[in-house]
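Data first, discussion second: the structure below is written as structure tokens.
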Amino acid sequence: MKLLSVIFLRQIPGQAPVMLSTHYELGQFGFWQRGGAQEICTFASREVVHRSKQALMSVKHKEFLCHCRVLDSRLAVVAVCDEEYPVYVAFNLMKEALELFLKKYKEDAWSSPTTDQNLPLPGMDELIKKYQDPTEADKILKIKKDLDETKEIVMKTMDQLLERGEKLDNLIDLSNDLSFQS
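Take 100 as the starting number for the sequence shown in the working numbering and just add one per residue.
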């Protein structure tokens, strides 16, 4: 489960969206592959926002999913993840990222550019690191993971107890046989 990028764009009707802020986590790719992966994330994000008319949507592109959220003000955020990444965790990430962006930049700062920008967004790298492991970022997934681990431990313990119980039954049978023979 990997999160590859979070990209903020301004949707302009009839034109290509304008990039406002881009954040990538491409460590899973080799050095020579990162440029291509970044281009794919950028292209897919721009296309999804350009074709998006609704507030929330997810689009599959090869083995990746592009999750998009467009506000009424035409500010959009796209999270590009692999297929295994939970959808609701991606939407939670986008919600937090939008809050961070809107806290830093008022509408007049991002609504006027007509060319791509790369507005710095302090705290975004930490947010991406937090969401790299969805089980740590999402409380429900974390609880589910803990329950699964606990269930596995209980099952192993029960199996071990049953084995001991079988061994005790065998010893009792042997003891009864010895008593009968004597």
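Positions of the beta carbon are idealized from the N, C-alpha and C atoms, including for glycine. All values reported here derive from a predicted model rather than from experimental measurement.
- In summary, residue 170 is exposed, with fewer than 16 beta-carbon neighbours lying within 10 Å of its beta-carbon over all protein chains present.
- Between the segment 138–150 and the segment 191–204 there are fewer than three C-beta pairs closer than 8 Å, too few to call the two in contact.
- With a cutoff of 8 Å on beta-carbon distance, residue 234 and residue 228 are scored as not near each other.
- Rounded to whole angstroms, the gap between the alpha carbons of residue 230 and residue 162 is 19 Å.
- With the rule of 3 Cβ pairs closer than 8 Å, the segment 174–183 counts as touching the segment 107–122.
- DSSP places residue 163 inside the beta strand (DSSP E), whose first and last residues are 163–169.
- For secondary structure counted as the beta strand (DSSP E) over 3 or more consecutive residues, the segment 139–165 holds these complete runs in sequence order: 155–160.
- By the neighbour-count definition (other C-beta atoms within 10 Å, threshold 16), residue 189 is a buried residue.
- Excluding the 5 residues flanking it on each side, residue 106 has same chain C-beta neighbours closer than 6 Å at 121, 144 and 177, in chain order.
- For residue 215, no beta strand (DSSP E) segment is defined, and its DSSP state is neither H nor E.
- Secondary structure note for residue 175: it is in no alpha helix (DSSP H), and the uninterrupted beta strand (DSSP E) holding it is 174–181.
- Residue 108 and residue 148 do touch by the CB rule: their CB atoms are close to 5 Å apart, below 8 Å.
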